[in-house]
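Only one structure is covered here, and it is reproduced in the block below.
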Amino acid sequence: MANSQGPRFRTKREVAIDTLREAISSGRYVSGQSLRQIQLVQDLGLGSTPVREAVLELLGRGVLVQESHRTVRVAELDLNRLRNIYRVRALLETEAARLGTAKITDQAIGQMKQLLQRMGGATRTGDIPSAVRADHEFRHILYAVGGNSILVDLIDQTWNLFPGSILWNIPGRIKQSLKEHRNIFDAVSRRDPTAAAYAVENHLLSALAALEAHVASFTKRSPASARSQS
65 MANSQGPRFR TKREVAIDTL REAISSGRYV SGQSLRQIQL VQDLGLGSTP
115 VREAVLELLG RGVLVQESHR TVRVAELDLN RLRNIYRVRA LLETEAARLG
165 TAKITDQAIG QMKQLLQRMG GATRTGDIPS AVRADHEFRH ILYAVGGNSI
215 LVDLIDQTWN LFPGSILWNI PGRIKQSLKE HRNIFDAVSR RDPTAAAYAV
265 ENHLLSALAA LEAHVASFTK RSPASARSQS
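Heads up, the sequence shown is in my numbering, so the first residue is 65 and it goes up one at a time.
Below is the structure:
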């Protein structure tokens with residue numbers, strides 16, 4: 065999160081964590097995919113030590129799962145875990161939306177409008193990584209304006225628990241998400257904290273419903289997967 069003191073210096077470890085998390089969130093690495101550390105070093109263009117530390121961090125967050133000494137995999141969908149994540153997100157992000165909307169500036173509204181336009185362009189061209197980045201920046205701006213850095217940090221942590229590429233790759237979801245972001249922007253631009261919180265909550269509930277339907281359809285198509293989760 066940017067601040068008035070300028071960008072904060074990031075260690076190689078932090079860069080590696082953010083780079084690996086972004087690769088998973090954007091869909092470069094997908095749910096269930098096995099990854100070797102040497103592959104990550106080559107793919108991400110980073111040193112072996114920061115990559116190893118990034119892997120350990122994402123293992124601790126549950127984003128990655130250990131397969132062997134040198135191999136991990138991107139965590140598969142777990143419906144109960146997803147529901148818990150989204151319940152926590154709803155609690156945190158509705159409050160952040162209220163705080164941010166109450167203190168929103170004309171400059172922040174302008175930045176959010178530009179990001180909404182960028183998200184729309186990425187949606188039309190099917191550029192999911194760019195749409196994901198615009199989505200995150202859009203809400204970061206709103207939540208940061210509220211002035212509660214602890215709340216924003218907690219929201220960041222919940223975002224890191226789930227690879228959003230799964231959601232964005234569900235057919236029709238990206239267009240629906242854009243519509244929901246426009247509803248959020250409309251409420252914020254009217255400076256209506258209650259409406260903004262409602263729009264954010266509706267967006268999160270809609271996303272969870274899409275994920276639940278996706279998991280249900282995947283389970284029906286894969287009897288072996290269903291048996292393994294019973």
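Ideal Cβ positions, reconstructed from N, Cα and C, are used throughout, including at glycine.
Straight-line gap, residue i to residue j (C-alpha atoms, nearest Å)
{"i": "residue 144", "j": "residue 224", "result": "17 Å"}
{"i": "residue 289", "j": "residue 170", "result": "Low local confidence applies: a pLDDT of 43 at residue 289 is under 50, so the model's placement there is unreliable, and no value is given."}
{"i": "residue 177", "j": "residue 249", "result": "8 Å"}
{"i": "residue 168", "j": "residue 252", "result": "8 Å"}
{"i": "residue 111", "j": "residue 105", "result": "6 Å"}
{"i": "residue 173", "j": "residue 205", "result": "9 Å"}
{"i": "residue 207", "j": "residue 265", "result": "14 Å"}
{"i": "residue 306", "j": "residue 132", "result": "Residue 306 is absent from the model: the chain starts at 65 and stops at 294."}
{"i": "residue 296", "j": "residue 231", "result": "Since the first residue shown for the chain is 65 and the last is 294, residue 296 is missing from the structure and cannot be characterised."}
Buried versus exposed, by CB contacts within 10 Å (16 or more), residue i
{"i": "residue 199", "result": "buried"}
{"i": "residue 291", "result": "Only weak support is given to the placement of residue 291: the predicted model assigns it a pLDDT of 39, under 50, and the value that follows is read from those uncertain coordinates. By the neighbour-count rule (16 or more Cβ atoms within 10 Å), residue 291 is not buried but exposed."}
{"i": "residue 75", "result": "exposed"}
{"i": "residue 211", "result": "exposed"}
{"i": "residue 185", "result": "exposed"}
{"i": "residue 280", "result": "exposed"}
Which residues DSSP lists as bridging residue i, in chain order
{"i": "residue 135", "result": "100"}
{"i": "residue 129", "result": "137"}
Residue i Cβ short of 7 Å to the ligand ATP heavy atom set
{"i": "residue 185", "result": "Within the structure as shown, the ligand ATP is missing, as the structure has no ligands at all."}
The region 249-268 contacting the region 110-125, beta-carbon criterion three pairs below 8 Å: Segments in contact, no.
Contact between the region 93-100 and the region 132-149 (3+ Cβ pairs under 8 Å): Between the region 93-100 and the region 132-149, the count of Cβ pairs shorter than 8 Å is three or higher; the stretches touch.
The region 189-196 contacting the region 230-248, beta-carbon criterion three pairs below 8 Å: The answer is yes - the region 230-248 touches the region 189-196, with three or more Cβ pairs under 8 Å.
4 or more residues per run - each alpha helix (DSSP H) lying fully within the region 207-292: Listed in chain order, the complete alpha helix (DSSP H) runs (minimum 4 residues) inside the region 207-292 are 213-223, 229-232, 237-253, 257-285.
Residue ranges of each alpha helix (DSSP H) within the region 172-210, 4 or longer: Counting only runs that start and end inside the region 172-210, the alpha helix (DSSP H) elements of at least 4 residues fall at 192-209.
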